[in-house]
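Each remark here refers to the structure printed beneath this line.
Numbering (my numbering), first residue to last: 152 to 812.
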């Protein structure tokens, strides 16, 4: 390791421990210091990286239901970018870059968990509506969190672990490693970007491996509907690595139950009824393929499991929820003025109130265009503000303790309660679905953004940032991410189908798992269509069994819902993470960087492929290899290249890549 540069900073010894009575924490950059912080450099790079990672995160979330965590890769890039300038960026400038860029994943989560449901329902929102839903939710999330900042980051110092904020802080403080780390991240991003762009956009080699060219495998699929597949792309390999072995095993186990147990079981029973369809299917089960049985029946079981797992998450956090009311009341009742210290100065309370009022007016105008009834609009406004405020503190507390934001569970709860309330006002059908999903989109974005914001505020507290500066740029980041994710969803909606393939539609499918779940929920409440309660109930029972076994039910349920080909490559990444984690800390750190690059590059490659699909006259045959149509050769080459990606990940992590020299 190279020696530390002169003036290298260290975190204080009491950064992660409770403070004795009468003492206070002194950050890395003292309050008396006047380092550059809000500069064109920090704001410009922060917004640029926010835009790039927003596009990548939107694609990844719609592809596999997992949104990229942008803050850590961006913190690494910030350190690398600091070396480009004659005056190296200060620690506080890097905090601003990371804080703005990190909003990408949080705004995207709020958008892709809810808004694609409108496209699945054929409601096709206007791009301005999509952007405004994200913008309103994100701004409310920041505004509602600011009064709680002092409690969470100062009064609870040393009592909450802040896992993600700890990682970001360590990266920024150990900046002397940042140059080589940024180079490694960019190298992995480029490799995965080219790889995934080619395989998902043109006929070069097969993306999906099912080995149906082997007679034994084909016979098993035809006679018992037992079929397995594998999506050989770099993005999911990196995702599995970051998830780790345990989570990827649980995710894949859910897919095994769905595809290798439930699908064959349903087919065996349905094969004895060759001439009659069983609801919710529209054709006899005996005539269905394994994929059709999965989409027509088993996915509903997965939806029931995910909804129940989300409810368990809410129940587990009830103590935090109850405490959050007290936190909010104390913060507003005290009305503590900001101290004279730079490191404890928030945006003025009156500015916060003005922002909330402006946001409420904007929400009311949006909802007013969706429903003509004043009582319905006022009810929707109250639901939005109450849920956004209530869940903001819950999300902040959850992120501070476990680094996991229960976004899905709280959004589902929003949909359920909103639907029940609004049905009493006579709102139903497609207009009711749009109205409820708009509320859910704003609430989901608010709680997602608040979780990222509290991580950023804690990082700034440890390092000595100015809270008011961090808070101001949050709004810039929310605006940038909202516009980009709104336009990206519109672009992807033209190039792909969200959810399931529609008859006669030849476009490729983005599974959009969370949005599909939200769509099923709101459609079940707001329409007169029958609901497959038996299938939902079976999924609920499975989630209960997982909880009884103390297995993370939400991960298992998501594995049940996702197609198996998206789970299996994640398991490969999980095994690589397991074996590399037995090495030293440097190898583990490099592995996370390479995996993050594979995720970023793979997602960007997929987005570029989506853009190509919008070119008039585009066909996947623009670039075709001679062996593409030969299943045995094409799938074998795809498997070999995927193994090559695994070898690269291993060697780059252990120092065998050129960039490590």
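Positions of the beta carbon are idealized from the N, C-alpha and C atoms, including for glycine. Just so it is clear, the structure is predicted and the values come from calculations on it, not from any experiment.
- With 16 or more other CB atoms across the displayed protein chains lying within 10 angstroms of its CB, residue 319 is buried.
- In this structure the region 237-255 does not touch the region 648-667; the number of beta carbon pairs closer than 8 Å is below three.
- With respect to the 8 Å criterion, residue 364 and residue 790 are not classified as neighbours on the basis of their beta carbons.
- Under the three-pair Cβ rule at 8 Å, the region 760-770 does not count as touching the region 389-399.
- Remark: fewer than three beta-carbon pairs, one from each stretch, lie closer than 8 Å, so the region 695-706 and the region 358-374 are not flagged as touching.
- Within the same chain, Cβ atoms closer than 6 Å to the Cβ of residue 779 are found at 354 and 785, the five residues on either side in sequence being excluded.
- For the region 560-620, the full-length alpha helix (DSSP H) segments reaching 4 residues or more read 580-614 along the chain.
- In the pairwise beta carbon analysis, the region 257-268 is classified as touching the region 587-594: at least three pairs are separated by under 8 Å.
- DSSP lists 354 as the beta-bridge partner residues of residue 775.
- For residue 660, the enclosing beta strand (DSSP E) stretches over residues 659-661.
- For residue 282, the closest C-alpha among the options 748, 802, 632 and 685 is that of 632.
- Contact check for residue 426 against residue 435 passes: the beta carbons are separated by less than 8 Å.
- The beta-bridge partner set that DSSP reports for residue 541 is empty.
- Annotated three-state conformation of residue 497 is coil, per DSSP.
- In this model, residue 358 and residue 544 are separated by some 42 Å (Cα to Cα).
- Taking 8 Å as the cut-off, the Cβ atoms of residue 456 and residue 690 count as close.
- Check the Cα spacing between residue 441 and each of 451, 409 and 430: the tightest is with 409.
- Residue 732 and residue 794 have their C-alpha atoms roughly 19 Å apart.
- Counting only residues of its own chain and dropping the five nearest sequence neighbours on each side, residue 361 has a CB closer than 6 Å to the CB of 380.
- Residue environment: residue 735 is assigned as exposed (fewer than 16 neighbouring CB atoms within 10 Å of its CB, all protein chains considered).
- Contiguous beta strand (DSSP E) elements confined to the region 635-722 occur at 647-649 and 659-661, taking only those with 3 or more residues.
- In the three-state scheme derived from DSSP, where H, G and I count as helix and E and B as strand, residue 162 is classed as coil.
- Taken atom to atom, the span from the alpha-carbon of residue 205 to that of residue 738 is near 28 Å.
- The beta carbon of residue 278 sits closer than 8 Å to those of 637, 638 and 641, all from its chain and outside the five residues before and after it, given in chain order.
- Beta-bridge annotation (DSSP): residue 381 is paired with 360.
- Per the coordinates, the alpha-carbon of residue 347 lies some 14 Å from the alpha-carbon of residue 788.
- Contact check for residue 396 against residue 707 fails: the beta carbons are separated by 8 Å or more.
- Residue 280 and residue 801 have their C-alpha atoms some 45 Å from each other.
- Of the candidates 268, 230, 199 and 196, the residue whose Cα lies closest to the Cα of residue 586 is 268.
- The residue among 302, 290 and 350 with its C-alpha nearest the C-alpha of residue 776 is 350.
- Nearest neighbour of residue 411 by Cα position, chosen from 371, 439 and 421, turns out to be 371.
- Between residue 461 and residue 705 the beta-carbon gap is near 7 Å, inside 8 Å, which marks them as a contact.
- Less than 8 Å divides the Cβ of residue 315 from the Cβ of residue 606.
- With a cutoff of 8 Å on beta-carbon distance, residue 289 and residue 170 are scored as not near each other.
- Residue state for residue 410 is assigned as helix, using DSSP reduced to three classes.
- Per the coordinates, the alpha-carbon of residue 356 lies some 49 Å from the alpha-carbon of residue 510.
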